[in-house]
Amino acid sequence: MGIFDQLKGSIVTEVMDLVRNQEGGLTGLVSKLKDSGLGDQVESWIGLGENKTIDANQATSALGGNFIQSIAAKLGVSHEEAANGVAEALPQMVDKLTPNGVIEEGDILHKGMSMLKGLFD
């Protein structure tokens, strides 16, 4: 496994922790993202069509610079690398956690771990 794969896996783990620790779980995170102006993008991640992307600035604005900086510090990468990683991982995470086009809280940890495993297959 290359360093990029390790970094990607670590960022996915951090985003999963965000989902688990977010008040309201996945529903709470989705609300937070929508409230930050990412409604169209989030709806595309939940829906069954193509996922719209977000950039590092949008991820930072939606989740907060402190969250991104904490990931950067944990992983020993720059703020920019962490923000780019989160911007890439977030649409995939929400998409995988909503396979039927709806939010089903259920066993988020199990779904997340299955998704994480799938990134490296």
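Numbering-wise, the sequence shown is residues 243 to 363 according to the numbering used here. Note that beta-carbon positions come from the ideal geometry of N, C-alpha and C, so glycine has one too. Predicted model, so just to flag it, every value in this text is computed and none were measured.
In whole angstroms, what is the alpha-carbon distance linking A324 and R262? The residue given as residue 324 occupies position 82 in the sequence shown. The residue given as residue 262 occupies position 20 in the sequence shown. Going from the Cα of A324 to the Cα of R262 covers about 19 angstroms.
Short Cβ contact (8 angstroms threshold) for N326 with A298: Taking the first residue of the sequence shown as position 1, residue 326 is located at position 84. Taking the first residue of the sequence shown as position 1, residue 298 is located at position 56. Yes, the Cβ-Cβ distance between N326 and A298 is below 8 angstroms.
Straight-line Cα distance separating G270 from G318: In the sequence shown, the residue the question calls residue 318 occupies position 76. In the sequence shown, the residue the question calls residue 270 occupies position 28. Spanning the alpha carbons of G318 and G270 requires a straight line of approximately 28 angstroms.
Roughly how many whole angstroms lie between the Cα atoms of V193 and E285? As shown, the chain starts at 243 and ends at 363. That puts residue 193 outside it, with no answer to give.
Residue closest to T302, alpha-carbon to alpha-carbon, out of A314, Q248, L339: The sequence position of residue 302 within the sequence shown is 60, counting from 1. Nearest in C-alpha terms to T302, of all of A314, Q248, L339, is A314.
Mapping the DSSP letters down to three states, classify P341 as helix, strand or coil. To locate residue 341, count along the sequence shown from 1; it is residue 99. Here P341 sits in coil by DSSP.
If you draw a straight line from the alpha carbon of T255 to that of Q283, how long is it in whole angstroms? In the sequence shown, residue 255 corresponds to position 13, counting from 1. In the sequence shown, residue 283 corresponds to position 41, counting from 1. Rounded to the nearest angstrom, the two C-alpha atoms are 21 angstroms apart.
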